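J.:
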Amino acid sequence: MKNLEKKARAYALKNSLSYGGKASINSVISSLFHEGLKREELKEKFKEIEKIVNEVNSLSIERQKEEFEKLKKIISERKKRVGLPSLPKAKKGKVIMRFAPSASGPLHIGHALTASLSYLFVKKYGGKFYVRIEDTNPENVFSDSYEMIKEDCDWLFKKKYILLIQSDRMPLYYSYAEKLIKRNSAYVCSCPSEKFKEYVQEKRNCPCRSFSIKENLQRWKNMLNENGFNEGEAVLRFKSNMKDKNPAMRDFPLARINLQKHPRQGKKYRVWPLMNFAVAVDDIELKMTHVIRAKDHRDNAKRQKMIYNALGKKTFPWTAFLGRIHFRDFELSTTKMREGIVIGYFSGWDDEKLPTLISLRKQGYKPEAFWKFAERIGFSESDKIFDKKEFFTLLKSFNK
RNA sequence: GCCCCGAUAGUUCAGAGGCCAAGAAUGCGGCCCUUUCACGGCCGUGACCCGGGUUCGAAUCCCGGUCGGGGCGCCA
């Protein structure tokens, strides 16, 4: 107990010196709780602590400083986070993460800030970092984007990543689709989408739900077969629960027919996996351990987890959701940027008015500036609202 | 209509019941350094969304509200 008295004195001195020579007894007591003081002991110790505080307060500031110098070694400091936060459940050398941009254009600020965080964790702990280009919607794939994304990633991640392209992995998705049907966790639905929306609203089962596994396998073949279902006539659905309290979770779609020519695969495939399905399959196959993504994917993550479970996977990657970056006066949407380029309002993807990495690289920003910015944001889930000017002032301060 | 999530200085973050009468970065004001600019150094400025509850003690836990964001696509 001698020890506690000494510590009380040290904390009293610290508090006193922080507040002009007068320590507050409550602060000292608070500190002592971190040093092993028990609630039950407070009553008996109170008088003693009060006495120490009064003694300290009666000393001159000079005297307090002198004494504190001698005692400051014995008190602990409250810890603060600097730099990268620590990644929960991370094992050295075994962290597997990914960044999954869609093949719709080059990378921009929003991509850089979420992707950098994943990159930095893999860099810190060791493991694998994948860049997986998501191009399973033939209607939203632009052939120039593959090369642009690759160049952006080479720059931002110093070429330390493994590149994957989803449309090159189609057989994998097909095999998982069959797996899900065989496990009675997916069915082919041939209702018009308006009709299905009604079922969702009314929490009613779609009639297609009651087909047998055998029938569903046949219907799935009819989706893949060009003499079978036509575009818009059938969709593969996940069998979740039409009474799920969250309407977004009720028998969501996994794959659909789209006959449009794919810029990379041509007319090779007619059935394309939807995002949640492709993501779940890839994350399982690649043994993803951690996923960091924007907050708008929160419900998607739930759906992906359902797919994991349906396939008998008990572990789901540890997941963080980041708030969205929002500019009051800056356009982040790839579609709008593309439109602006087409009408000649922007000179190209590297136009200085654009928040693309190619433009910022040209303007002298370094990858490390984005890393530091990402580190600063950490796992924060709140949306960020910036003025363009504010954002770049901050980014510049990280660019030194 | 239903389901999620968030809220700390102008901005971004720290904070996981007591070392918080709230810390950092950036901004802003001032001083110093520098021939000037930039860089750097020092000082100052400035915040826990609101209302209840639990507790000896709440930025932190619980309930209600407000505001903001996302989802309920054969988009990602």
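Just so you know, we're using this note's numbering here: the first sequence kicks off at 858 and counts up by one. For each residue, glycine too, the CB sits at the ideal point set by N, CA and C. Quick caveat: nothing in here was measured; it's all calculated off a predicted structure.
#1: What residue ranges within the segment 962–1043 form continuous beta strand (DSSP E) runs of no fewer than 3 residues, ordered along the chain?
#2: Is Ala1158 helix, strand or coil by DSSP?
#3: Skipping 5 residues on each side, what residues in its chain have a beta carbon closer than 6 Å to that of Ala1091?
#4: Name the DSSP bridge partner or partners of Ser842?
#5: Mapping the DSSP letters down to three states, classify Gly1123 as helix, strand or coil.
#6: Could you name each continuous alpha helix (DSSP H) segment of 4 residues or more that falls completely within the segment 1059–1133, going from the start of the chain to the end?
#7: I'd like to check one pair, Lys949 with Tyr982: are the Cβ atoms closer than 7 Å?
#8: Three or more C-beta pairs closer than 8 Å, one from the segment 1165–1184 and one from the segment 1137–1145: is that the case here?
#9: Label Gln1075 either buried or exposed according to how many other C-beta atoms from any shown protein chain fall within 10 Å of its C-beta, with 16 as the threshold for buried.
#10: Please classify Phe1203: is it buried, with 16 or more other beta-carbons within 10 angstroms of its beta-carbon, or exposed?
#11: So, for Ser881: in the same chain, excluding its five sequence neighbours on each side, which residues have a beta-carbon less than 7 Å away from its beta-carbon?
#12: My output table needs one value for Val952: the three-state DSSP class, helix, strand or coil.
#13: Quick one, which of Arg1181, His968 and Lys864 has its alpha-carbon nearest Ser887's?
#14: Where does Glu991 land, buried or exposed, given buried means 16+ other C-beta within 10 angstroms?
#15: May I have a chain-ordered list of the alpha helix (DSSP H) segments no shorter than 4 residues that lie completely inside the segment 1157–1203?
#16: Quick one: Cα of Arg938 to Cα of His1119, how far?
#17: Near His968, which residues of its chain fall below 7 Å by C-beta distance, leaving aside the five closest residues on each side in sequence?
#18: Give the range of the alpha helix (DSSP H) segment to which Ile906 is assigned.
#19: Quick check on DSSP: helix, strand or coil for Arg1150?
#20: Compare the beta carbon distance of Trp1228 and Ser973 with 7 Å and say whether it is the shorter of the two.
#21: Under the DSSP definition of a beta bridge, which residues are partnered with Phe1230?
T.: To lay it out plainly:
#1: 984–990 and 1019–1022
#2: Note: Ala1158 maps to helix in three-state DSSP.
#3: Val1045, Ser1047 and Met1080
#4: Residue 842 cannot be examined here, being either before or after the span of the chain that is shown, 858 to 1257.
#5: The answer is strand: DSSP assigns Gly1123 an E or B state.
#6: Those alpha helix (DSSP H) runs which fall completely within the segment 1059–1133 and span 4+ residues are 1070–1081.
#7: yes
#8: yes
#9: exposed
#10: Burial state of Phe1203 is buried, judged by a 10 Å Cβ sphere holding 16 or more other Cβ atoms.
#11: Asn872
#12: strand
#13: Measuring from the Cα of Ser887, the nearest candidate turns out to be Lys864.
#14: buried
#15: 1191–1199
#16: 47 Å
#17: Pro958
#18: Leu899 to Ser915
#19: strand
#20: At the C-beta level, Trp1228 and Ser973 come within 7 Å of one another.
#21: Looking at the DSSP assignment, Phe1230 forms no beta bridge with any residue, so it has no partner.
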